[in-house]
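**Student:** If you want our numbering, it's the 1-based position in the sequence shown plus 59. I'd like to ask you about the structure that follows.
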Amino acid sequence: MSAFARRHLGVLAVTCGLLATPALLPTAHADAPVTNRASLKQDLCYQVVTDRFADGNTSNDDPAKSPGMYDATKTNWKLYWGGDFAGIQQHLQYLKDMGVTAIWMSPHVDNIDKPAVYGGTPNAGYHGYWSRDFKRPEEHFGTLAEFDSLISAAHSMGIKVIMDWAPNHTSPADPANPSVAEGGALYDDGVLKGTAINDTNGYFHHNGGISNYDDRYEVQYRNLADLADLDQQNGTVNSLLKTDANYWMSRGVDGIRMDAVKHMSSGWQRSFADNVLASKDAFLYGEWYLGSKTDPLYADNVRFANDSGISVLDFYLNIAMRETFGSGAPMSNLDAAIARTGTDYTYKENLVTFLDNHDMSRFLTLKNDATALHDALAFMLTVRGTPCLYYGTEQYLHNDTSGGGDPWNRPQMPGFGETTTAFKEIQKLSALRQNQPALAWGTHQQRWINNDVYVYERRFNNDTVLVAINKSGTAYPITGLNTALPAGTYTDQLGGLLGGQSITVGSGTGGNNPVTAFTLGGGQVAVWSYKGPEPSSPTIGSAAPTLTRAGNAITVEGRGFGTSGTLKVGGVTASVSSWGANRVTATVPSGTPAGTQQVTVTTSGGTSNGYALKVLSGAQVPVTFTVTNATPTNPGDNIYISGSIPELGSWSTDRNTAVGPLLTPNYPNWFGVASVPACTTFQYKFLKIAADGTATWENGANHSYTAPCSGTSATTVAWQY
């Protein structure tokens with residue numbers, strides 16, 4: 060949503076193995092049921108802009124509550140065009156046929172009832188990001204009953220529903236033009252709480268607009284364009300956003316895509332994640348918009364994904380994919396992106412990958428070449444992370460010719476045919492993904508590369524997938540290729556759809572078995588797969604959610620779990636709810652130490668590898684910590700907090716563990732929001748961490764603080780010299 064918000068106001072965010080083992084052919088939804096809400100690692104996500112997908116109920120096109128915001132001619136790209144919950148439900152079979160197992164819907168809650176007029180052009184909240192009431196559905200999209208019906212129908216088809224949640228802001232609120240819309244009005248289940256124009260209760264920030272998107276303070280505490288910026292530390296706002304999110308989760312929503320996570324404090328968002336996950340195991344991921352691979356806040360984005368319990372959309376890899384398949388960069392660009400993100404992110408397999416979305420030009424507008432799209436899709440569907448398609452990609456949907464970004468990248472869904480090459484490619488690779496552990500949890504290894512060809516291998520124990528992509532128009536002989544695929548002959552999992560062929564693998568050593576030389580034609584893609592028999596000893600591929608605490612549910616996935624065993628978190632035996640060969644569900648046991656703890660599975664075949672989770676000390680509340688007159692700092696130096704609890708870094712002086720960097724709009728005063736355990740007394744101090752990593756503590760005794768049992772809080776102390 061970040062890029063969307065900045066721009067919108069101007070124009071306004073199987074396996075198969077050897078040929079001899081046909082029993083290993085994939086069957087849809089075998090390992091990715093809708094009941095596993097904690098993880099999307101085996102899923103195919105599909106992003107829907109509800110208003111532009113399908114009009115299933117024409118009676119809500121121009122509702123009485125907000126008349127005149129619908130354009131039947133579909134010529135005003137900033138008004139509603141009729142898409143709704145019923146339209147999505149009517150095409151669930153199409154999505155299931157394609158292999159979709161999770162739908163990410165645009166925000167479904169009530170948006171402004173009055174147009175925002177810019178340059179004489181009326182703008183509606185058709186996109187969903189101009190919320191007014193987080194407790195009610197948008198009337199243009201349908202009724203609460205229709206929302207519930209969509210959820211129920213999706214679940215019956217094995218499809219999860221992810222809601223897009225935008226807690227950063229409400230709607231346009233320009234103090235110089237208070238009649239532009241509704242003044243950023245915030246409602247609670249139909250009751251007006253207040254507006255940004257007349258904010259007597261302090262629900263909003265009033266710091267002006269962002270001028271520097273690389274400045275930590277500005278992006279968190281100033282408004283995107285003129286959107287009313289909510290103050291999540293306000294007790295009423297904090298409660299409303301968490302309560303209403305849980306309300307929709309209780310109605311059957313399976314996960315949350317968090318909008319504009321870059322623009323809210325990570326401390327509040329960690330408390331939000333804890334609040335949601337205490338009620339329901341779910342997968343949460345956010346939009347931290349990266350403008351480039353050298354974005355100054357890239358490291359902040361990585362830390363957020365590693366620590367908050369909310370994964371992120373993989374903008375870094377998105378940029379690399381668009382550069383490589385759309386703009387001529389060499390294949391080494393992709394390999395380098397996989398290597399860097401694989402090192403930086405603790406939970407790289409939780410990243411959500413994408414080629415395009417509602418905030419950027421569609422891929423085919425960037426490069427109008429179906430072969431390039433097929434190549435890019437093959438990569439996205441076979442690398443680590445959860446692939447997420449933007450609606451209409453499978454139908455070769457372009458931007459409107461009027462422009463490159465929004466709203467021109469949100470045209471009407473052109474049709475629902477199932478015969479395009481892209482549709483068939485997605486269908487085949489989704490089936491493979493759902494049944495092949497190597498794609499869900501496996502390592503990534505480059506096996507053969509030049510500027511145009513990338514051959515890589517995904518591997519989880521003996522399960523192996525080998526992928527070869529040639530993005531050029533030139534055929535290349537592939538010689539000297541080794542693989543962990545066992546000796547034998549393998550068919551292309553795409554069935555030759557993109558020109559791939561069978562390969563023969565000989566016997567080698569150390570997982571380096573030679574592949575008989577073959578030619579990979581221009582634009583061709585081939586995927587070869589082997590899924591071995593169930594191993595006798597356990598290996599964990601995933602444990603989720605990654606942020607948890609005692610009493611919460613966790614789901615552990617992998618292979619070789621057998622029929623029974625013991626699951627431990629931090630060395631403490633957990634109470635098991637269900638046990639299967641590839642999935643165990645359990646409850647984090649009381650007495651589990653807080654901090655980063657390992658999950659292990661033990662069976663008669665042995666003990667598995669450990670999988671790290673962030674275990675909280677207890678239910679979380681967000682607290683604003685301020686230190687005044689802090690020690691002088693030089694450029695590159697920052698102030699942090701560290702303290703006696705894991706949530707505050709356990710006295711660490713590492714900048715990736717202590718809480719921070721704090722913000723200093725009024726130097727030398729610094730502040731930041733931390734998520735801490737409720738009803739808990741702890742010790743803490745402030746410290747300066749220099750650009751070179753050298754840490755200097757403030758002097759004096761430790762500060763002591765008792766966190767409230769609910770709500771939000773704040774505390775201010777002076778730096779001790």
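The C-beta atom is built at its ideal place from N, Cα and C for all residues, glycine as well.
Determine, using beta carbons only, whether Asp172 and Arg195 come nearer to each other than 8 Å.
**Tutor:** Contact flag unset, no.
**Student:** With H, G and I counted as helix, E and B as strand and the rest as coil, what does DSSP make of Trp500?
**Tutor:** Helix.
**Student:** One question on the structure: do Gly158 and Ile485 come within less than 8 Å of each other, judged by their Cβ atoms?
**Tutor:** Their beta carbons are under 8 Å apart, which means Gly158 touches Ile485 by this criterion.
**Student:** Who are the Cβ neighbours of Asn227 in its own chain at under 6 Å, not counting the five residues just before and after it?
**Tutor:** So the list reads Ala319, His322, Met323, once near-sequence residues are dropped.
**Student:** Do the region 103-116 and the region 159-168 make contact, defined as three or more Cβ pairs closer than 8 Å?
**Tutor:** Yes, the region 103-116 touches the region 159-168.
**Student:** How would you call Met419, buried or exposed, if buried means at least 16 neighbouring beta carbons within 10 angstroms?
**Tutor:** Its Cβ being crowded by 16 or more others within 10 Å, Met419 is buried.
**Student:** Do you know offhand how far Thr402's Cα is from Gln505's?
**Tutor:** So the two alpha carbons sit approximately 15 Å from each other.
**Student:** If I measure Cβ to Cβ from Tyr513 and keep anything under 7 Å in the same chain, skipping five residues before and after, which residues do I get?
**Tutor:** Within the same chain, Tyr513 has close Cβ partners Met390, Leu393, Asp394, Ile528.
**Student:** Return the residue from the list Tyr670, Thr690, Ser98, Gly326 that minimises the CA-CA distance to Arg362.
**Tutor:** Ranking the options by Cα distance to Arg362, first place goes to Gly326.
**Student:** Using 8 Å as the cut-off, can you tell me whether the region 719-733 makes contact with the region 657-671, which would need three or more C-beta pairs spanning the two stretches below that distance?
**Tutor:** Touching, no, given that fewer than three Cβ pairs across the two stretches are closer than 8 Å.
**Student:** Cβ-heavy atom distance between Tyr280 and the ligand ADP below 7 Å?
**Tutor:** Ligands in the displayed structure: none, and consequently the ligand ADP is not present.
**Student:** Would you identify the three-state DSSP class for Glu516, choosing helix, strand or coil?
**Tutor:** Strand.
**Student:** What's the gap between the Cα of Glu593 and the Cα of Ser489?
**Tutor:** So the alpha carbons of these two residues sit roughly 21 Å apart.
**Student:** Could you check which residue in Asp156, Gly559, Gln454, Ser566 has the C-alpha nearest to that of Gly547?
**Tutor:** The shortest Cα separation from Gly547 among Asp156, Gly559, Gln454, Ser566 belongs to Ser566.
**Student:** Whole alpha helix (DSSP H) runs in the region 118-149 with 4 or more residues, listed along the chain?
**Tutor:** Correct list: 144-149.
**Student:** Leaving out the 5 sequence neighbours to the left and right, which residues in its chain are closer than 6 Å to Thr86 when beta-carbon positions are compared?
**Tutor:** Low confidence applies here, because Thr86 scores a pLDDT of 33, under 50, leaving its location unreliable and the question unanswered by this model.
**Student:** Which class does Ser208 belong to by DSSP, given the choice of helix, strand or coil?
**Tutor:** Ser208 falls in the helix class under three-state DSSP.
**Student:** What is the residue span of the alpha helix (DSSP H) that Tyr375 lies within?
**Tutor:** Taken as a continuous stretch (DSSP letters only), the alpha helix (DSSP H) holding Tyr375 covers 374-380.
**Student:** Under 8 Å Cβ to Cβ from Leu722, same chain only, skipping five residues before and after it: list those, please.
**Tutor:** Closer than 8 Å at the Cβ level, and outside the excluded window around Leu722, lie Arg275, Tyr276, Gln279, Tyr280, Trp729, Phe730, Gly731.
**Student:** Give the single residue among Trp136, Asp130, Asn119, His150 whose Cα lies nearest to the Cα of Glu477.
**Tutor:** That would be His150, whose Cα lies nearest to the Cα of Glu477.
**Student:** Identify every residue that forms a DSSP beta bridge with Ile171.
**Tutor:** Beta-bridge pairing links Ile171 to no other residue.
**Student:** Have a look at Thr771, Val658, His214 and flag the residue whose alpha-carbon is nearest the alpha-carbon of Val647.
**Tutor:** That would be Val658, whose Cα lies nearest to the Cα of Val647.
**Student:** State whether the region 669-687 contacts the region 698-712, with contact taken as three or more CB pairs (one from each stretch) at a distance under 8 Å.
**Tutor:** Short answer: they touch.
**Student:** When you compare the region 572-585 with the region 554-562, are there three or more beta-carbon pairs, one atom per stretch, that lie closer than 8 Å?
**Tutor:** Verdict: yes, contact present.
**Student:** With H, G and I counted as helix, E and B as strand and the rest as coil, what does DSSP make of Trp307?
**Tutor:** Helix, per DSSP.
**Student:** Going by DSSP in three states, Asp110 sits in which element: helix, strand or coil?
**Tutor:** It is helical.
**Student:** Return the bridge partner residues of Thr646 from the DSSP annotation.
**Tutor:** According to DSSP, Thr646 bridges with Ala612, Ser634.
**Student:** On a CA-only basis, which of Tyr262, Asn293, Asn135, Leu336 is nearest Val312? Give me that one, please.
**Tutor:** The option with the nearest alpha carbon to Val312 is Leu336.
**Student:** How about Thr341 and Ala602: are their beta carbons less than 8 Å apart?
**Tutor:** Correcting the residue type first, residue 341 is Ala in the shown sequence and not Thr. No.
**Student:** Could you tell me whether the Cβ atoms of His433 and Thr480 are closer together than 8 Å?
**Tutor:** In this structure, Thr480 lies closer than 8 Å to His433 by Cβ.
**Student:** With DSSP as the reference, label Leu436 as helix, strand or coil.
**Tutor:** Reduced to three states, the DSSP call for Leu436 is helix.
**Student:** For Thr765, list the residues DSSP reports as bridge partners.
**Tutor:** Bridge partners of Thr765: Thr740.
**Student:** How many angstroms separate the CA atom of Ala689 from the CA atom of Arg714?
**Tutor:** Using only the alpha carbons, I get a separation of about 17 Å.
**Student:** Could you name the residues of the same chain whose beta carbon sits closer than 8 Å to that of Ser637, not counting the 5 residues immediately before and after it, in chain order?
**Tutor:** Closer than 8 Å at the Cβ level, and outside the excluded window around Ser637, lie Val643, Thr644.
**Student:** Is the Cβ of Gly253 closer than 8 Å to any Cβ of chain C?
**Tutor:** In summary, chain C is missing from the structure at hand, where a single protein chain is found.
**Student:** Taking the C-alpha atoms as reference points, what is the distance between Lys426 and Met380?
**Tutor:** Distance between the alpha carbons of Lys426 and Met380: 12 Å.
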